Amino acid sequence: LFARCLANQIGVILNSLPNGNILEFGAGSGQLALDILLTLQSVHQLPKCYYILEISKELRTRQQQKLQVELPDFYDQIIWLEQLPKNFSGVVIANEVLDAMPIHRFCFKEKEILEYFVDCHHGKLQEKLMPANEPLLEKLLATGISFTPNYHSEISLHIPIWLANLADCIFSGVVLLIDYGFPSSIYYHSERCTGTLMCHYQHRAHSDPY
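223 is the number of the first residue of the sequence shown in this note's numbering; add one for each residue after it.
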């Protein structure tokens, strides 16, 4: 149902863009791409090409296997990329990509913002608190939020750069970013004093990235 909702909107956009394409970031198992293309196929609104930018070789192989079996007639128009295209026209989809980007963890202690770094001690990874780097400090100070003592959280410094690079590659089209999120005042609320960093592996959620 989610894919069909996206496909309905994508179809409207493609109708106004001659020879428009679709670009998906991090296509996972390939199921979303498959469902979108099947929906567009049913109403004769398939794009010229469906691009997938996937950095995981394992996931890319799974996507290729699924889409080749399920969409043999369109498979040659599905193209895997390793970097952003140039002068792209069409629809960009990024479903739960932003919150999977690397983050910087920080801690507010005794009127100072410290940053968590990763150290190796006796062959084991461990966290090490050090003065925060300048970009992180500038970003946090710009929020205007007063953090309580012993407050821990995280921030992504990569998203603005990623968005700028994405904007540079688009000639015309629409970008659909789908994710969970809060405004800064809620995200950095004093009651959420341990941050929101979570790890997911083989259907198990935990909070220890090491």
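Using N, Cα and C, we set each Cβ at its ideal position, and we do this for glycine too.
The structure presented is a predicted model; accordingly, all values stated were derived computationally and were not measured.
- Relative to the Cα of G403, the nearest Cα in the group G242, V319 and N230 belongs to V319.
- Collapsing the DSSP output to three states places I232 in a helix.
- Comparing C-alpha distances from Y338 to each of H344, E332, I325 and A229 shows the shortest one belongs to I325.
- Your pair V340 and L351 does not check out as a contact, with CB atoms roughly 11 Å apart and the cut at 8 Å.
- For Y409, the uninterrupted alpha helix (DSSP H) segment begins and ends at S406 to Y409.
- Boundaries of the beta strand (DSSP E) around V396: I392 to I400.
- When the five nearest sequence neighbours on each side are left out, the beta carbons in the same chain lying within less than 6 Å of the beta carbon of G252 are those of Q285, K288 and L289, in order along the chain.
- Around the beta-carbon of S375, 16 or more other beta-carbon atoms lie within 10 Å, marking it buried.
- Our two residues, E304 and E276, have alpha carbons roughly 7 Å apart in a direct line.
- With 16 or more neighbouring CB atoms inside 10 Å of its own CB, P269 falls in the buried class.
- Unbroken beta strand (DSSP E) stretches of 3 residues or longer found wholly inside the region 247-293: 272-275, given in chain order.
- Judged by DSSP secondary structure, K361 falls outside any beta strand (DSSP E) and instead within the alpha helix (DSSP H) spanning E356 to T365.
- Runs of the beta strand (DSSP E) spanning 3 or more residues and lying entirely within the region 306-334 occur at 310-317 and 326-331, in chain order.
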